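Protein chains in written order, with this note's numbering: chain A, 61 to 229; chain B, 7 to 336; chain C, 30 to 795.
Spelled out as structure tokens, the structure:
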């Protein structure tokens, strides 16, 4: 099977049962993507596929051949950490750090969805208009990522500072 | 998880053919429910036929109807401007379900065919007539807070977990099917079955029959439709009770037409036909809405932990209709 | 985790109670009031690793030739295995080993908590040594295979039949036979002062209420995991643990090997909350690695976490309060029962808050345990205090309502001047100040009358409750300081589960040594380092601090000796110098001192190494030492559906000196959020017909998600405790305490409804 992972072409020979998550962790030793529940219930395994956030634990690797996968290891650029990663540190958007890679990838995918105008369950007016990522919108859209340490406030602050257009500095 | 073969179908005919070649084939959409159930050994297919390459287009027709390819992702449907303006209840129902990540993966076809969240169904140490027909049901006397209050049977009290289907049921959606014998259509409300004595047979689909599309017929007053979901936390939880509703009130203040369906209450998305009939021609008042809800729930039966759903459903139906009558979105 | 007991054993080993009282207090730590690196919001030192996905957790250590483990769990609660058919599993592709009680190596039962200060066993049941079954979910087989997929599949092929025995599963039935535990964490199970029942009966105002709280799961997002290697006779375990050295000692006993032949590493733990201890999975993985002669990774599935690693137990409680007309308490009764097993020692100390919080004319505080055939319950964030404050603090709210008193005013009237049951002086107690500050900031004066404020369909209300958690400091920890010209490394086998340990202790070391923060580092997470204490009971911060303080005294003595008489420090005693500006200096004569680099260079030394064990925690024997807080909550309750949304929350804490405001705020918030879960949604469903946990999933065991959590405001008194190292208290647990009651009281204020059974789900409010 062939994949593009963090911009690199990768070939792997794995069991058909292998999830995209286990492919990353056990076969490619990209342990940044986390296994929290393996049930699609916590979001720790969130990665970006062609820019869209998905739960890699529920994704069979075989279904994602030839797709472009971005994991937490691929977020940083030439000049160091992605601004969101830096903001997570500044706003203390984590404690144990285990849900963090999923929160980061999810937030980036979430911001792209909002940019495309994808509404959410708390969007008041579905009929049109750009999405304004206010406090409720952000929290609803990030609700697929559990944080048991309870770093939610810091996570929302970090996302607001980094990914929300026009947010106060 | 048992070993299985995998094939990717290029079109619906190929998918049906591929599925026909195996004894226990399953169609694989986003995998968000099937992969989980395979891991739990509840599902043990010998072959997976990947149908995500099948049509996913969302076609907004000039007559006001919409045709949605079964391969469309949940996100794509909820984000579609025609869906949002013509059938906001559908967009809201989808957005009330699961998480952003799962909605990106899950397909329309897969969402329709997702299986119950009954914890006894998931647990291979428990008795379940769905998993092992005739074994008995441990939910009836167990934890049944999330279980059915309408249309349940002594064999099964499970509920259908989909939010999307509740809106589809209310909006008179039709599913397009393709099987070994050709293609056909079926009303969504006829697709899912009540459990009766055979709860393991959950739909009227024939062997290997594939959902290829969902069609929403034009319904102008659905532009004001909505969906309300009640659950145990603010987001990312299955419904205890949900309501999809569209209401058409005439200038004289009487109900000209109404569409109403309930989720979280039965083995299938529950079209509230009794309530609808009770409302047509009646004044659009809180009393009418309450009476209609009472009529719909007259035969509801609670178990040890879920009897509250009867009252909750009544209240949620009445409040949702009141919201629509008052013109504000809930 | 023998919190008080360990402390007492250690202390009474040396001195008797009378001597304790005569022992002078340790001098106040000068760093308790000094501002340097401490007291500043320093970002977490492990931040870049964690946000970069580079922090390696226990299941993420690459090992050559690794095998993957999967467990098979029993499906009965009590009885024995009759047949075990493993043939199909053994023959399945990739399978390396199928281990059952028939072929498992002989292992001694784990030494249970409190049987020894270093015992880590959650239960003393033998592990896979015989066909007997003690709980539904007990591992009956372990499968090792070359991949996780193969192991999981083969595990599903193991066939087991059982002969069931009578099992005690009903809490209500077992309550009838409840018995007193030997002790409740070293404290008596029953305290009676005066005749509380008579005083209650005679009191002009009284409430007498029953409460139920359910089982809870820690729900750390990292499932329990271990990577295990035998290197000859030496054992290496990469574990996710909050008790490194205790695990090392306990494993030595189980496998009959020397402690020094075991190394446990745990540099990162993906959430603990009391749950990351020594359970059967690590022991089984070690046994399987021994049998197969292959390295083993065991990463529990989420279901496995629920089956193998215990959580908080269920309780039934009674709180009865009798009040005099002036608002003082004539009687305080808090009694009840917690479910436990016959093989563990964790009675959920829910009567502890009532032992220390309020003055009353008489007390009856008594807790019992009811034996159930279930997975051993364990410590979970503020064991006892979390669910005990739910009962006590809602009962107080009901009493205040009955007396038409503001609940904060009621607490003013029952504020004690000394510990009400032990009679000891409080070391540091500013609860009323926390209430006053919190009330002002939260706008408590705007609290509406019950069920009087409505916005659309939403009823709005406010509630308040006291938070409290004891101060503990564990004995037995040692710190080592390695000082070079470049800076210092402090080493101790401690734990980092997200509390910010490495960051706060680096801040501490910087100030203790007078070095800039960037020149010190705290190394932890490895039993090859000097022994740390457990990360439990909110004790680790001060336990490390005390050891570091002791090691620093040794270091200063060594440096003075090295400096010799040619140094400007020549002739000075340790008490006359202080560490600052990268060296030692005379306390008063600011010009007189020498840098570490200079001392080392003149002595021709590359480094100085000093190690010392922390002194015994005498302070807890002399004083009543606790942390306090006031939790303020505003809720909105749907009049239609009963759904509850927490719209505002403020925690106002009195927890000694705050070392790092940013990480402290995070920890308080984290506790509060877990408290919101406890209040509104969390329950491990235990099917009393079978003893099976029915919601072993993060989809069905609900914890708060982003949208459940408002912005949480946190403030603190920041008043140092004169009797603790750094003037600090641990803060990991107090955040969750009082939250259940604050939410319940707010719900009452919004709706007029009292709910005395957790969680307060919407069906209870319809």
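Note that the Cβ used here is the ideal one computed from N, Cα and C, for glycine as well. The structure presented is a predicted model; accordingly, all values stated were derived computationally and were not measured.
Classify residue 70 of chain C: buried if its beta carbon has 16 or more other beta carbons within 10 angstroms, exposed otherwise. As a first step, residue 70 of chain C is located in the third chain; it is residue number 41 there, counting from the start. Per the 10 Å Cβ criterion, exposed.
Excluding the 5 residues preceding and the 5 following residue 455 of chain C in the sequence, name in chain order all residues of the same chain whose CB lies nearer than 6 Å to its CB. Locating residue 455 of chain C in the third chain gives position 426, where the first residue counts as 1. Closer than 6 Å at the Cβ level, and outside the excluded window around residue 455 of chain C, lie 653.
What separation, rounded to the nearest whole angstrom, lies between the Cα atoms of residue 231 of chain C and residue 351 of chain C? For the purposes of this step, residue 231 of chain C is taken as residue 202 along the third chain, with counting starting at 1. For the purposes of this step, residue 351 of chain C is taken as residue 322 along the third chain, with counting starting at 1. Approximately 8 Å between the Cα atoms of the pair.
Can you confirm whether residue 176 of chain C, when its beta carbon is compared against all beta carbons of chain B, has any partner nearer than 9 Å? Taking the first residue of the third chain as position 1, residue 176 of chain C is located at position 147. By this cut-off, residue 176 of chain C is not an interface position.
Using DSSP bridges, identify the partner residues of residue 308 of chain C. Translated into positions along the third chain, residue 308 of chain C becomes position 279. Paired residue(s): none; residue 308 of chain C is not in a bridge.
Extent of the continuous alpha helix (DSSP H) run through residue 650 of chain C: Start at 1 with the first residue of the third chain, and residue 650 of chain C comes out as number 621. Here the alpha helix (DSSP H) through residue 650 of chain C covers 648 to 651.
Nearest-angstrom Cα separation, counted from residue 789 of chain C out to residue 674 of chain C: In the third chain, counting from the first residue as 1, residue 674 of chain C sits at position 645. In the third chain, counting from the first residue as 1, residue 789 of chain C sits at position 760. Cα-Cα distance, rounded: 11 Å.
So residue 340 of chain C and residue 418 of chain C are in contact, right, with Cβ under 8 Å, and what is the actual spacing, rounded? As a first step, residue 340 of chain C must be located in the third chain, where it is residue number 311. As a first step, residue 418 of chain C must be located in the third chain, where it is residue number 389. Their Cβ separation, rounded to whole angstroms, is 18 Å, which puts residue 340 of chain C and residue 418 of chain C out of contact at 8 Å.
Near-chain B residues of the stretch 454 to 486 of chain C - C-beta to any C-beta below 9 Å: Hits within the stretch, in order: 486.
Using a threshold of 9 Å, state whether the C-beta atoms of residue 363 of chain C and residue 320 of chain C are closer than that. To locate residue 363 of chain C, count along the third chain from 1; it is residue 334. To locate residue 320 of chain C, count along the third chain from 1; it is residue 291. Their beta carbons are not under 9 Å apart, which means residue 363 of chain C does not touch residue 320 of chain C by this criterion.
Under a three-way DSSP split, which group does residue 186 of chain B fall into? Numbered from its first residue, the second chain carries residue 186 of chain B at position 180. Residue 186 of chain B falls in the coil class under three-state DSSP.
Chain A within 9 Å of residue 409 of chain C, Cβ atoms only: As a working mapping, residue 409 of chain C is identified with position 380 in the third chain. Chain A has no Cβ within less than 9 Å of the Cβ of residue 409 of chain C.
Expressed to the nearest angstrom, what Euclidean distance is found between the alpha-carbon atoms of residue 42 of chain B and residue 267 of chain B? Position 36 of the second chain, counted from the first residue, corresponds to residue 42 of chain B. Position 261 of the second chain, counted from the first residue, corresponds to residue 267 of chain B. So the alpha carbons of these two residues sit roughly 28 Å apart.
Pull up the DSSP beta-bridge partners for residue 509 of chain C, would you. Translated into positions along the third chain, residue 509 of chain C becomes position 480. Answer by DSSP bridge pairing, in chain order: C:520, C:640.
Kindly indicate the opening and closing residues of the alpha helix (DSSP H) around residue 50 of chain B. Indexing the second chain from 1 puts residue 50 of chain B at position 44. No alpha helix (DSSP H) holds residue 50 of chain B; DSSP gives it neither H nor E.
Label residue 15 of chain C either buried or exposed according to how many other C-beta atoms from any shown protein chain fall within 10 Å of its C-beta, with 16 as the threshold for buried. Since the first residue of chain C shown is 30 and the last is 795, residue 15 of chain C is not available in this structure.
Element boundaries [alpha helix (DSSP H), containing residue 111 of chain C]: On the third chain, position 82 is the one that residue 111 of chain C refers to. For residue 111 of chain C, no alpha helix (DSSP H) run applies; the uninterrupted beta strand (DSSP E) run containing it begins and ends at 108 to 114, by DSSP.
Cross-strand partners of residue 365 of chain C (DSSP beta bridge): As a position in the third chain, residue 365 of chain C is number 336, starting the count at 1. As computed with DSSP, residue 365 of chain C is found in a beta bridge with C:346, C:396.
Who are the near neighbours of residue 31 of chain B in its chain, counting only those whose CB is closer than 8 Å to its CB and skipping five residues on each side? Position 25 of the second chain, counting from 1, holds the residue named residue 31 of chain B. Taken in chain order, the residues that qualify are 24, 25, 51, 52, 53, 54, 55, 214.
Does the beta carbon of residue 187 of chain A sit closer than 9 Å to a beta carbon anywhere in chain B? Your numbering for residue 187 of chain A matches position 127 in the first chain. True, the Cβ-Cβ gap to chain B drops below 9 Å.
Inter-stretch contact (C-beta, 8 Å, three-pair minimum) for the stretch 618 to 632 of chain C and the stretch 590 to 600 of chain C: Result yes; three or more Cβ-Cβ pairs closer than 8 Å.
Quick one, are the C-beta atoms of residue 436 of chain C and residue 493 of chain C less than 9 Å apart? As a first step, residue 436 of chain C is located in the third chain; it is residue number 407 there, counting from the start. As a first step, residue 493 of chain C is located in the third chain; it is residue number 464 there, counting from the start. Cβ distance < 9 Å, so residue 436 of chain C and residue 493 of chain C count as in contact.
What is the residue span of the beta strand (DSSP E) that residue 615 of chain C lies within? Locating residue 615 of chain C in the third chain gives position 586, where the first residue counts as 1. Segment 612 to 615, the beta strand (DSSP E) holding residue 615 of chain C.
Flag this pair as yes or no: are the beta carbons of residue 564 of chain C and residue 158 of chain C separated by less than 9 Å? For this step, residue 564 of chain C is matched to residue 535 along the third chain. For this step, residue 158 of chain C is matched to residue 129 along the third chain. It is not a contact, given that the beta carbons lie outside the stated cut-off.
Listing by chain order, which chain C residues have their CB less than 8 Å from the CB of residue 92 of chain A? Working through the first chain from its first residue, we reach residue 92 of chain A at position 32. The contacting residues are 81, 82, 83.
Tell me which residue opens and which closes the beta strand (DSSP E) that residue 251 of chain B is part of. Numbered from its first residue, the second chain carries residue 251 of chain B at position 245. Here the beta strand (DSSP E) through residue 251 of chain B covers 247 to 255.
Quick check for students: name the residue ranges of the beta strand (DSSP E) that lie wholly in the stretch 257 to 285 of chain B, counting only runs of 3 or more. Counting whole runs of 3 or more residues, the stretch 257 to 285 of chain B contains the beta strand (DSSP E) stretches 261 to 269.
Determine the closest residue to residue 573 of chain C out of C:646, C:590, C:608, C:634, with distance taken between C-alpha atoms. For the purposes of this step, residue 573 of chain C is taken as the residue at position 544 of the third chain. Selected option, being the one with the closest Cα: C:646.
Using the three-state DSSP reduction, which class does residue 41 of chain B fall into: helix, strand or coil? The count along the second chain starts at 1 and reaches residue 41 of chain B at position 35. Helix.
Listing by chain order, which chain B residues have their CB less than 8 Å from the CB of residue 177 of chain A? Indexing the first chain from 1 puts residue 177 of chain A at position 117. Chain B residues near residue 177 of chain A: 85.
Kindly list, in the order they appear in chain C, the residues whose Cβ is closer than 9 Å to that of residue 203 of chain A. By 1-based counting over the first chain, the position of residue 203 of chain A is 143. Those are 734, 735, 736, 737, listed as they occur along chain C.
For residue 271 of chain B and chain C, any beta-carbon pair shorter than 9 Å? Along the second chain, one-based indexing puts residue 271 of chain B at 265. Chain C, which has no Cβ nearer than 9 Å to the Cβ of residue 271 of chain B, makes this no.
Residue-chain proximity (residue 134 of chain A, chain B), Cβ-Cβ < 9 Å: Numbered from 1 along the first chain, position 74 holds the residue referred to as residue 134 of chain A. Residue 134 of chain A does not count as touching chain B.
List the residues that DSSP assigns as beta-bridge partners of residue 169 of chain A. As a first step, residue 169 of chain A is located in the first chain; it is residue number 109 there, counting from the start. Looking at the DSSP output, residue 169 of chain A shares a beta bridge with no other residue.
Whose Cβ in chain C lies nearer than 7 Å to the Cβ of residue 125 of chain A? Translated into positions along the first chain, residue 125 of chain A becomes position 65. Those do not exist, as residue 125 of chain A stays about 18 Å from chain C at its closest Cβ, beyond 7 Å.
In chain order, each beta strand (DSSP E) run of at least 3 residues that lies wholly inside the stretch 101 to 160 of chain C: 108 to 114, 124 to 129
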